[in-house]
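Reading through the structure tokens given below for one structure.
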Amino acid sequence: MMGRFLASRLISRLLLNRLPTEDRLCKVGFHLASRCSVCGVNSESSDHLFIRCPLAIALWEVVFSAFQRRVSADTWSSFFSQAMSVSFSDHVRDLWKTTIHVVVWSVWIAHDLLILRRFDLRGCPAKASVIMSVIWSPPAPGWTKVNTDGAALSSSGAGGCGGIFRNCRAFIKGCFVVPLDHVFSFEVELLAASISINFAWHNGWHRIWFESDSSYVV
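Heads up: the sequence shown begins at 691 in this note's numbering, then just goes up one per residue.
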């Protein structure tokens with residue numbers, strides 16, 4: 691369903707002449723040779739790319755042969771209009787429409803991939819920082835362990851914190867979550883610690899084992 695939706699959006703942009711083909715990019719100020727990225731021979735336009743380019747011609751021939759129907763037009767808008775007017779039974783008509791979407795999507799993906807190959811792009815994933823494996827361990831009998839965490843958005847200052855309390859058998863005794871405004875990351879972690887202590891004291895849990903991912907707070 692998502693693929694059909696994306697292909698439908700692509701066709702809508704194509705009908706509105708809003709795809710970034712090289713002829714359109716030249717019109718808005720980009721200095722390009724306007725050569726088809728797929729065949730490398732003719733100038734690139736939507737009409738050429740989806741109707742007259744050798745790749746498009748080959749794909750449409752397969753479709754026409756399979757459905758025993760043929761569409762011929764000089765412009766994409768005319769081609770698409772004729773294609774949508776072809777008479778079929780309801781089931782075959784749905785399959786025909788889906789196939790048209792697939793062809794358009796395939797041509798555009800091939801177009802994009804060929805452009806990217808020119809730049810010889812290679813994935814260089816960033817090295818991860820030191821990764822530590824942390825395994826939760828229960829507190830000693832008679833103690834309650836609380837694990838807290840907090841986060842804040844630097845742009846808006848919105849944040850929040852929370853904590854969870856468990857006993858020596860890992861049963862959850864309580865938890866909390868608090869939304870916060872106008873806070874910094876370090877402040878959020880401190881507030882999480884303060885709230886957890888007050889929460890524990892209010893519930894009569896006086897033997898607390900506190901854990902946080904903030905070394906500054908601990």
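Glycine residues also receive a C-beta, built at the ideal position from the N, C-alpha and C atoms.
Collapsing the DSSP output to three states places aspartate 839 in a strand. Distance from the Cα of leucine 704 is smallest, within the candidate group Gly719, Val797, Ser775, Leu785, for Val797. Per DSSP, the continuous alpha helix (DSSP H) segment holding phenylalanine 889 begins and ends at 875-892. Sequence-distant Cβ neighbours of serine 902 in its own chain, meaning closer than 8 Å and more than five residues away, are Asn837, Thr838, Asp839, Glu879, Ala882, Ala883, Val908. Note that the region 887-897 touches the region 859-866; at least 3 beta-carbon pairs, one per stretch, sit closer than 8 Å.
Uninterrupted alpha helix (DSSP H) stretches at least 4 residues long and entirely within the region 751-802 occur at 766-775, given in chain order. Here DSSP, grouped into helix, strand and coil, assigns lysine 717 to helix.
In this chain, the beta strand (DSSP E) harbouring cysteine 865 covers 862-870.
Excluding its 5 nearest sequence neighbours in each direction, glutamate 734 has C-beta neighbours in its own chain below 7 Å: Thr711, Glu712, Asp713, Ser724, Arg725, Cys726, Ser727, listed in chain order. Around arginine 897, the same chain offers Gly832, Trp833, Thr834 as residues with beta carbons nearer than 8 Å, after the five sequence neighbours per side are excluded. Relative to alanine 773, the option among Val753, Val761, Trp795 whose CA is nearest is Val761.
In this structure, the alpha-carbon of valine 824 lies about 44 Å from that of isoleucine 805. Annotation for histidine 738: Cys726, Asn732 place their beta carbon closer than 8 Å to its own, counting only its chain and skipping 5 residues before and after. Residue state for arginine 856 is assigned as strand, using DSSP reduced to three classes.
The C-alpha of alanine 697 is placed about 49 Å away from the C-alpha of serine 905. Collapsing the DSSP output to three states places phenylalanine 740 in a helix. Looking at the backbone, the Cα of histidine 791 and that of arginine 742 are separated by about 17 Å. When rounded, the separation of the alpha-carbon atoms in histidine 781 and serine 736 is 29 Å. DSSP places isoleucine 898 within a strand segment (E or B) once states are collapsed to three.
Threonine 711 has no beta-bridge partner at all, per DSSP. Remark: C-beta atoms of valine 820 and leucine 700 do not approach each other more closely than 8 Å. 8 Å or more divides the Cβ of phenylalanine 778 from the Cβ of tryptophan 766.
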